[in-house]
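J.:
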Amino acid sequence: MFLQKLMVYVSTAGMFCFMIGLNFLLGIMRLIAPSLARKITLRMGEKTTMTQNPNFKYEDWGLTFASMNMVRTACHHMWLSLGQEAFVGGAAPDSPVVTMQGERTAILRYMRGEFKQLVEDFGDVADFLVVYLAEAHSTDGWAFKNNYNINQHQSLEDRLSAARILVQKNPLCPVVVDEMSNASAIKYGALPERLYVLRAGKVVYKGQMGPWGYSPLEVRSFLEKSK
């Protein structure tokens, strides 16, 4: 577990250096070669599926890359990720969450005997749960145009209200929210998004940190082997 924790610090430091370098590079390129800067940004957007979202045009999100709001948001996520305790083969943290009815519960209580399709295809071998965390692209933070108008959560009710928008999309599984202490986000290193598979109280699959490492296809492959 010590080596895994050490790797978290090393990878976070590497990610921080990459983000600062990328931010600096894109800032310079937008001045001297804007078309090339756009091409690089679009390539990054492909990896995060931003270019596949019909609700967004490049102008809605592309210019937010290499912005101070992006740096602040990413640094906050990386700082919280240093507290992660969920590692493959280790115990799954039973962190507190809140149901949509406002009742406090915990993640492991949901262990019973792209994401919607996973639920439909593997509902017989896995129980699915969505934990809604701090808003990654809040209106008063790293905001995208034509996105939902959600400010940073100042209270549990703010977070529940934002999660109700997700529930309207019918995710086909229970939705709970992280407490305002961000306990689940910290212990699972889950900001801005991450996929896990837990079994018998253990972590058996840990996805890479989103958005670049968010891969439902990888989870699908893992679950197919579990059938």
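In the working numbering, the protein residues as written are 568 to 794.
C-beta: ideal position from N, C-alpha, C; glycine also.
None of the values given here were measured: they were computed from a predicted structure.
Kindly indicate which residue of ARG676, VAL665, ASN714 and ASN713 has the alpha-carbon position closest to the one of SER722.
T.: Of ARG676, VAL665, ASN714 and ASN713, the residue nearest in Cα terms is VAL665.
J.: Taking the alpha-carbon positions, what's the PHE711 to ALA633 distance?
T.: So the two alpha carbons sit approximately 13 Å from each other.
J.: With a cut-off of 8 Å, do at least 3 Cβ pairs link the stretch 747 to 757 to the stretch 623 to 643?
T.: Not touching, per the Cβ criterion.
J.: So, with DSSP's three-state summary, where would you put ALA730?
T.: Three-state DSSP puts ALA730 in a helix.
J.: Measure the alpha-carbon distance for LYS820 versus MET645 and round it to whole angstroms.
T.: As displayed, the chain neither begins before 568 nor continues past 794, which places residue 820 out of reach and without an answer.
J.: Could you check which residue in PRO601, MET568 and THR616 has the C-alpha nearest to that of ASP780?
T.: It should be pointed out that residue 780 corresponds to Gly in this sequence rather than to Asp. Closest option to GLY780, Cα to Cα, is THR616.
J.: In the DSSP assignment, what are the bridge partners of THR671?
T.: Correcting the residue identity first, residue 671 is Arg in this sequence and not Thr. BP columns for ARG671 point to VAL665.
J.: At which residues does the beta strand (DSSP E) containing ARG766 begin and terminate?
T.: Looking at the DSSP string, the run of the beta strand (DSSP E) that includes ARG766 is 763 to 766.
J.: What first and last residue would you give for the alpha helix (DSSP H) that runs through ASP627?
T.: Note, ASP627: alpha helix (DSSP H), 625 to 628.
J.: Mind checking whether LEU647 and ALA752 have CB atoms under 8 Å apart?
T.: The answer is yes: Cβ separation under 8 Å.
J.: Go through its chain and collect everything with a Cβ distance to LYS572's Cβ below 7 Å, but skip five positions before and after it.
T.: Nothing meets the Cβ criterion.
J.: In three-state DSSP terms, what is VAL655?
T.: Correct three-state label for VAL655: coil.
J.: Write down the C-beta distance between ILE674 and ASP694 rounded to the nearest angstrom, noting that I regard them as a contact closer than 8 Å.
T.: Rounded, the Cβ-Cβ distance is 11 Å, inconsistent with contact.
J.: Is VAL743 helix, strand or coil when you go by DSSP?
T.: VAL743 falls in the strand class under three-state DSSP.
J.: Could you give the distance in angstroms between the alpha-carbon of PRO778 and the alpha-carbon of GLU760?
T.: Between PRO778 and GLU760, the C-alpha separation is close to 7 Å.
J.: Could you check which residue in THR608, ILE595, ASN718 and VAL686 has the C-alpha nearest to that of GLY708?
T.: The candidate whose alpha carbon is nearest that of GLY708 is ASN718.
J.: From THR706 to CYS642, what does the alpha carbon distance come to, in whole angstroms?
T.: Computed Cα separation, rounded: 18 Å.
J.: So what does VAL698 bridge to, in DSSP terms?
T.: VAL698 pairs with VAL743.
J.: In chain order, which continuous runs of the beta strand (DSSP E) of length 3 or greater are located wholly inside the stretch 763 to 793?
T.: Whole beta strand (DSSP E) segments, 3+ residues: 763 to 766 and 769 to 773.
J.: Is LYS754 closer than 8 Å to GLU652 when the C-beta atoms are compared?
T.: Contact: yes.
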